[in-house]
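J.: Residue numbers (my numbering), protein chains in the order written: chain E, -7 to 75; chain Z, -5 to 354. Using N, Cα and C, we set each Cβ at its ideal position, and we do this for glycine too. Sharing a structure here in structure tokens format.
Here you go:
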């Protein structure tokens, strides 16, 4: 794996995903009463928490991934042979 | 649905930070060993006043997106066997449903104390046998100086791989052999049953993949994330149908755990595979003591032994929870330390390599 050690850090992507992530969390907490009353209904509304979890994990997952790369915590350069 | 809102507690900054912190440590351990964290998160949420079922449901709803992110990350390192994860995950789903059914029956027959006793005894028996075995195996390879060697399938795994039952054989890349699904189905089922009982199916799933099927530790722990995703998704939907998921709690824990799971996954690229066994075994054995402390409390509640004073019960409960937190923190400490050492070793190696090539 010829990976350059001077590879550009994904700062812009981290900032973008971070802003989206913060916006999602702010909305969830500001509108928590409305969210709880709808999500708590059950039945067909069961799709809402599942979809929410996927959306949050996409944006926040990308943000946290970029975050560790930007602060310099990355996987070992020489990959371990796992087989 | 009498009062929906009674299921949802009020959130303050301290609660949010607490959930974020526990989520981070739980995620770190999960990213490394494939599971963990749930055994602290569920009682942790209940201690904040969250009803038991809502705590279980919300924990599950943070688990599946976390496992997804972790599995994607570890797949990039070539550690995930998706086929094995899905095959085990589907049978684990059945195990979850059956495990939950047994729980309901026990609760109906013996009440909360009976149900708690069942969970604690399951914890103690399984963690003592499986956890003891995993830790002993890790210790053995450390003492024999074989911790650097490539992992080999044990006797049981070799036997399982040698059995050919026509029409049931499937090739799994992690094992690099064909194995009958008649072996994988009961393993997945047991993983699911354990997940429904003590919330951490990985304590059976990962050792089963290593010792029964012959998968390397790194691949077993990474593949467990796929199983956790499949189980968690199905379980969350089941609870969400009854409106039991507190999405705020689930997403706050997820916020911390996604930082942790990325770090734990990165950590696996720096350590020797036997470290997976060390962390898993250590956590299992410590948690065993934590749950063991609670057995007399439930026995007393059921009237099987003399009643205990309130202060004794409180002391045992607090000590038990503190030991669980210690188990998780110790796991996180071992992961971070192993990662740090691995990173330092890599730096030294790079410096030596540069010297050799006359770059410095």
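1. Rounded to whole angstroms, what's the CA-CA distance from residue 133(Z) to residue 178(Z)? Just pull it up for me.
2. Quick check on the DSSP output: the alpha helix (DSSP H) that includes residue 17(E) runs from which residue to which?
3. Quick check: the Cα distance between residue 287(Z) and residue 310(Z), rounded to an integer number of angstroms?
4. Is residue 239(Z) close to chain E? Criterion is C-beta to C-beta, closer than 8 Å.
5. Residue range of the beta strand (DSSP E) that residue 71(Z) falls in?
6. Smallest Cα separation from residue 150(Z): which of 213(Z), 207(Z), 187(Z) and 100(Z)?
7. Using a Cβ-Cβ distance under 8 Å, would residue 18(E) count as near chain Z?
8. Taking DSSP as the reference, what is the three-state secondary structure of residue 4(Z)?
9. Using 8 Å as the limit for Cβ to Cβ distance, is residue 248(Z) near chain E?
10. Just to confirm my understanding: we take residue 426(Z), look at its own chain, exclude 5 residues before and 5 after, and list those with CB closer than 7 Å. What are they?
11. Please state the DSSP three-state secondary structure of residue 68(E).
12. Give the secondary structure of residue -7(E) by DSSP, where H, G and I count as helix, E and B as strand, and everything else as coil.
13. Tell me whether residue 68(Z) is buried or exposed, calling it buried when 16 or more other Cβ atoms sit within 10 Å of its Cβ.
14. Looking at chain Z, is there any beta carbon in it that lies within less than 8 Å of the beta carbon of residue 67(E)?
15. Taking 6 Å as the limit between beta carbons, can you name the residues of its chain near residue 193(Z), skipping five residues before and five after?
16. Closer than 9 Å between beta carbons: that is the criterion. Which residues of the segment 3 to 33 of chain E meet it against chain Z?
17. For a contact meaning CB atoms closer than 8 Å, what does residue 244(Z) contact in chain E?
18. Along the segment 325 to 348 of chain Z, what residues have a CB closer than 7 Å to any CB found in chain E?
19. Do three or more CB pairs link the segment 4 to 21 of chain Z to the segment 268 to 287 of chain Z at distances below 8 Å?
20. Does DSSP put residue 41(Z) in a helix, a strand or coil?
21. Please name the residue, chosen from 94(Z), 243(Z) and 187(Z), that lies closest to residue 232(Z) on a Cα-to-Cα basis.
22. Quick check on residue 174(Z): does DSSP put it in helix, strand or coil?
23. Going by alpha carbons, who is nearest to residue 25(E) out of 4(Z), 19(Z) and 266(Z)?
24. Where are the beta strand (DSSP E) runs, 3 residues long or more, that stay fully inside the segment 162 to 208 of chain Z, in chain order?
25. Among 52(E), 22(E), 2(E) and 28(E), which has the Cα closest to the Cα of residue 234(Z)?
26. By how many angstroms is the C-alpha of residue 75(Z) removed from the C-alpha of residue 125(Z)?
27. Give the straight-line distance between the Cα atoms of residue 128(Z) and residue 201(Z), rounded to the nearest whole angstrom.
28. From residue 101(Z) to residue 110(Z), what does the alpha carbon distance come to, in whole angstroms?
29. In the DSSP assignment, find the unbroken alpha helix (DSSP H) run with residue 157(Z) in it and report its ends.
30. Tell me the residue span of the alpha helix (DSSP H) that contains residue 82(Z).
31. Cβ of residue 282(Z) within 8 Å of Cβ of residue 121(Z)?
32. For residue 332(Z), which residues in the same chain have their Cβ closer than 6 Å to its Cβ, ignoring the five residues on either side in sequence?
33. Output needed for residue 34(E): all residues of its chain with C-beta closer than 6 Å, excluding positions within five of it in sequence on either side, in chain order.
34. What residue does the alpha helix (DSSP H) around residue 341(Z) start on, and which one ends it?
35. Looking at the ligand GTP, does it come within less than 7 Å of residue 9(E), judged from the CB to the closest heavy atom?
36. According to the Cβ coordinates, are residue 328(Z) and residue 279(Z) closer than 8 Å?
T.: In brief:
1. 27 Å
2. 3 to 22
3. 6 Å
4. Yes, because at least one Cβ of chain E sits closer than 8 Å to the Cβ of residue 239(Z).
5. Segment: none, residue 71(Z) is in no beta strand (DSSP E) and carries neither H nor E.
6. 207(Z)
7. no
8. coil
9. yes
10. Limits of chain Z in this structure are -5 at one end and 354 at the other, which puts residue 426(Z) out of reach.
11. coil
12. Caution applies to residue -7(E), whose pLDDT of 43 falls short of 50 and renders its modelled position unreliable; the value that the coordinates give is listed next. Coil, per DSSP.
13. buried
14. yes
15. Hits under 6 Å: 32, 33 and 36.
16. Only those residues of the segment 3 to 33 of chain E whose C-beta falls short of 9 Å from the nearest C-beta of chain Z are listed: 13, 16, 17, 20, 21, 24, 25, 27, 28, 29, 31, 32 and 33.
17. Against chain E, a Cβ distance below 8 Å from residue 244(Z) picks out 41 and 45.
18. 336 and 340
19. no
20. coil
21. 94(Z)
22. strand
23. 4(Z)
24. 163 to 166 and 171 to 174
25. 28(E)
26. 24 Å
27. 7 Å
28. 9 Å
29. Where residue 157(Z) is concerned, there is no enclosing alpha helix (DSSP H), given that its DSSP letter is neither H nor E.
30. 76 to 120
31. yes
32. 265 and 269
33. none
34. Its alpha helix (DSSP H) spans residues 304 to 350.
35. What this structure holds is no ligand at all, so the ligand GTP is not there to describe.
36. no
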